[in-house]
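These notes are about the structure you will find just below.
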Amino acid sequence: MKARDPRPKRTPHGRGPTGHRGPRVDPPCHTEEWGHVVLPPVKLRTMQTLRGVAVSPGVAIGPPLVVDPRGQRLPHRAISSEAVASELERLERGIESAHGEAEAAEAEARERLGPQYADILAAHARMITDPTLRRDARARIEHERISAEHAVSEVLDAYASRLESMTDSHLAARAADVRDIQHRILAQLSGQRRSTPMDEVAVPSVILAHDLSPSETAGLDPKRVLGFATEAGGRASHTAIVAEALEIPAVVGLGRFLELARECRMIIIDGDEGLVVLDPDLATQERYRRDAAARAARFEGLAGLANLPAETLDGTAVGLWGNIEFPGEVAACLERGAVGVGLYRTEFLYLNSERAPTEQEQFEAYAAVVESLKGRPVTIRTLDLGADKLVAYQNVGYADANPVLGLRSLRLSLRELELFRTQLRAILRASALGDVRVMFPLVSTLGELRRARAILGDVAAELAAEGVSFRRDLPVGVMIEVPAAAVMADQMAKEVDFFSIGTNDLIQYTLAVDRTNETVADLYSAADPAVLRLIAMVVDAARARGIEVSICGTMGGEPLYTMLLLGLGVHQLSMPPHQLPEIKRVIRGVSVAEARSIAAEALHLETSQAVVALLDSALRHALPDTPASSAQDRAG
Numbered sequence: 010m011k012a013r014d015p016r017p018k019r020t021p022h023g024r025g026p027t028g029h030r031g032p033r034v035d036p037p038c039h040t041e042e043w044g045h046v047v048l049p050p051v052k053l054r055t056m057q058t059l060r061g062v063a064v065s066p067g068v069a070i071g072p073p074l075v076v077d078p079r080g081q082r083l084p085h086r087a088i089s090s091e092a093v094a095s096e097l098e099r100l101e102r103g104i105e106s107a108h109g110e111a112e113a114a115e116a117e118a119r120e121r122l123g124p125q126y127a128d129i130l131a132a133h134a135r136m137i138t139d140p141t142l143r144r145d146a147r148a149r150i151e152h153e154r155i156s157a158e159h160a161v162s163e164v165l166d167a168y169a170s171r172l173e174s175m176t177d178s179h180l181a182a183r184a185a186d187v188r189d190i191q192h193r194i195l196a197q198l199s200g201q202r203r204s205t206p207m208d209e210v211a212v213p214s215v216i217l218a219h220d221l222s223p224s225e226t227a228g229l230d231p232k233r234v235l236g237f238a239t240e241a242g243g244r245a246s247h248t249a250i251v252a253e254a255l256e257i258p259a260v261v262g263l264g265r266f267l268e269l270a271r272e273c274r275m276i277i278i279d280g281d282e283g284l285v286v287l288d289p290d291l292a293t294q295e296r297y298r299r300d301a302a303a304r305a306a307r308f309e310g311l312a313g314l315a316n317l318p319a320e321t322l323d324g325t326a327v328g329l330w331g332n333i334e335f336p337g338e339v340a341a342c343l344e345r346g347a348v349g350v351g352l353y354r355t356e357f358l359y360l361n362s363e364r365a366p367t368e369q370e371q372f373e374a375y376a377a378v379v380e381s382l383k384g385r386p387v388t389i390r391t392l393d394l395g396a397d398k399l400v401a402y403q404n405v406g407y408a409d410a411n412p413v414l415g416l417r418s419l420r421l422s423l424r425e426l427e428l429f430r431t432q433l434r435a436i437l438r439a440s441a442l443g444d445v446r447v448m449f450p451l452v453s454t455l456g457e458l459r460r461a462r463a464i465l466g467d468v469a470a471e472l473a474a475e476g477v478s479f480r481r482d483l484p485v486g487v488m489i490e491v492p493a494a495a496v497m498a499d500q501m502a503k504e505v506d507f508f509s510i511g512t513n514d515l516i517q518y519t520l521a522v523d524r525t526n527e528t529v530a531d532l533y534s535a536a537d538p539a540v541l542r543l544i545a546m547v548v549d550a551a552r553a554r555g556i557e558v559s560i561c562g563t564m565g566g567e568p569l570y571t572m573l574l575l576g577l578g579v580h581q582l583s584m585p586p587h588q589l590p591e592i593k594r595v596i597r598g599v600s601v602a603e604a605r606s607i608a609a610e611a612l613h614l615e616t617s618q619a620v621v622a623l624l625d626s627a628l629r630h631a632l633p634d635t636p637a638s639s640a641q642d643r644a645g
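Heads up, the sequence shown is in the working numbering, so the first residue is 10 and it goes up one at a time.
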């Protein structure tokens, strides 16, 4: 199993400053005693293992609780013409009550989880009061003579269905948010108390459901919910984001399995590998318990590395940075010894809203990150979205049959200039508060880079004319994510201050493999010789011009590749904060001289399998206590 940093432990007031979360493991389930509850003896059953999408790390072992889909009884559909006025009044009251309930849920989430997660439910509150929902529901009541419940159901069913049909995973994931709003309003209209999964949890359990809404997930009690698994969902869902915030191991996107699971007596949720084990045998139970205990002890030890330098055995300093989406994640980066934020993804400001965020809203989010870092650097990446993700609040009118190769990232920003200029103004304003850098994603050509820099210059001149403060020497960088940019890196290096290699997309575009398609997953490998040669080409181009180069894709946080990257000349690595301790351990246990030798040999190999075998052997030789799963080739 892969070693994952389980993030800070909880204290009575939230997260602790230095501790790390242990595995989610309950008392042994093959005994008859579970706390104070006596369970029937476990019958021998056939063990089955299901694979889904890992969205929140950790291991949970416990009895399953299958949560039935929420069923809300609707009144008779048709109403008389005389009842239209009163039905319209009921609609208004129901919407207002649901809005108040959503705001209360937001306030609770803000206290329990922090502002970045509460913003998800704040968006729900805004969506409930959206004028379009009111208008369309009222029109159905007035013209079709139907009840308020049916009107709301029809409108929101249509919204959700359109989202679910979209190929873009981020947009499809928003359908769960719409369903959550639908059930909230219907509960107010019908007077039925809105049930939650926690209503059914009598003993610490593993929750199994078709899907969980973000608000249902936010309401889970980690003391009683050991983990959860769902048939639906994906990495981009708000449910997945909230699960990580609660530190509940979770696997989603399993497909239909609830009927199979209803008769199970025990479940294992492996949130690291995306596995769900039904009725595990005793050997499997013991293996997971041993591995979980070993990981917990291991990460307790790694916590002590936070204040030690990321320096190789022969004295080369390596910059370890954090990747974040929310301002609240800065604390986790600093607790684990990051020197700054190497990638601040700004997409969530857009995905979490029914309209484009204003300049002031963006400035406040960026300023919160800059000020939290207290002088440490932050690299803000401009909008990295596909056109589909903006349709909800901006009538862009572009329909990409293949969004991966279509109008996305910088291409979209250069087409939607008002959107781009607004973001650049906010970033420049925030740059006056600290060490800010800006980075353009998915640059394919020098022409795109020059246009983006020209617009940035225009915006800077505009702010200067207005007397607004900003950093005049703002460092500008590009993400190298497509082979065209890697091939032209020697020319691009003349026009930027730094490179950041986004390995996830670079692998995808180099190997022509959709990184979300399980049918070709075996072809997607960071160890492919073509990928390694492109990385080496980019590093050489950066070195020739004396500019920084970092890795901010998943590859940078995988211990298997640390020696290779150091040997290629990459001395800046950016990753999710939970990966920082393990990567620092590897850095402190190897020498650059040895890493260069390994990298040189890897560049002459012909297959990804041979590269993985080489790197695995080198890592185990340098650090014999490396866990088995750290020495596996992982996607990207």
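Ideal placement from N, C-alpha and C gives every residue a C-beta, glycine not left out.
Item: Whole-number beta carbon distance between ALA134 and ALA146, since they are thought to touch under 8 Å; Value: Incorrect: roughly 17 Å between the Cβ atoms, too far for contact.
Item: Outcome for ASP186 when other beta-carbon atoms lying within 10 angstroms are tallied against a minimum of 16; Value: buried
Item: Inter-residue CB distance, ALA270 and PHE237 (contact presumed, cutoff 8 Å); Value: That pair is no contact at about 12 Å.
Item: Extent of the continuous alpha helix (DSSP H) to which THR571 belongs; Value: 568 to 577
Item: Distance CB(SER583)-CB(ASN332) smaller than 7 Å; Value: yes
Item: Closest residue to ARG542 among ALA609, VAL599, VAL68 (Cα-Cα distance); Value: ALA609
Item: Cross-strand partners of THR58 (DSSP beta bridge); Value: VAL286
Item: Counted within 10 angstroms of its Cβ, other Cβ atoms place HIS152 as buried (16 or more) or exposed; Value: exposed
Item: Among ALA502, LEU142, SER90, the one whose alpha carbon lies nearest that of GLY103; Value: LEU142
Item: Stretch pair the region 367 to 379 + the region 595 to 612: three plus CB contacts closer than 8 Å; Value: no
Item: Endpoints, the alpha helix (DSSP H) within which GLY456 is located; Value: 455 to 475
Item: Euclidean distance between Cα positions of VAL579 and HIS587; Value: 20 Å
Item: Through-space distance from ASP230 to ALA553, alpha-carbon basis; Value: 54 Å
Item: Run of the beta strand (DSSP E) containing GLY331, from where it starts to where it stops; Value: 328 to 333
Item: Member of ASN316, LEU433, GLY466, LEU437 whose CA lies at the smallest distance from the CA of ARG345; Value: ASN316
Item: Helix, strand or coil at ASP279 according to DSSP, with G and I counted as helix; Value: strand
Item: Sequence-distant residues of the same chain with beta carbon closer than 6 Å to VAL491, five excluded per side; Value: SER453, TYR518
Item: For ALA259, the residue or residues it bridges with in DSSP; Value: SER65, PHE237
Item: Alpha-carbon to alpha-carbon, GLY71 and VAL34; Value: Note that VAL34 has pLDDT 41, beneath the 50 cutoff, so the model's placement of it is unreliable and no number is given.
Item: Coarse secondary structure for GLU112, derived from DSSP in three states; Value: helix
Item: Three-state secondary structure assigned by DSSP to VAL491; Value: coil
Item: Whole-angstrom distance between GLU101 and ASP137, CA atom to CA atom; Value: This sequence places Ile at residue 137; Asp is not what is there. So the two alpha carbons sit approximately 11 Å from each other.
Item: Span separating the alpha-carbon of TYR375 from that of PRO484; Value: 16 Å
Item: Residue burial classification, ARG424 (beta-carbon count within 10 angstroms, cutoff 16); Value: exposed
Item: Cα-Cα separation between ALA463 and LEU433, rounded to whole angstroms; Value: 12 Å
Item: Assigned secondary structure, ASP74 (DSSP; H/G/I helix, E/B strand, else coil); Value: Per the sequence presented here, residue 74 reads as Leu, with Asp not at that position. Correct three-state label for LEU74: strand.
Item: Short Cβ contact (7 Å threshold) for GLY598 with LEU632; Value: yes
Item: Collapsed DSSP secondary structure at GLU98 in the structure displayed; Value: helix
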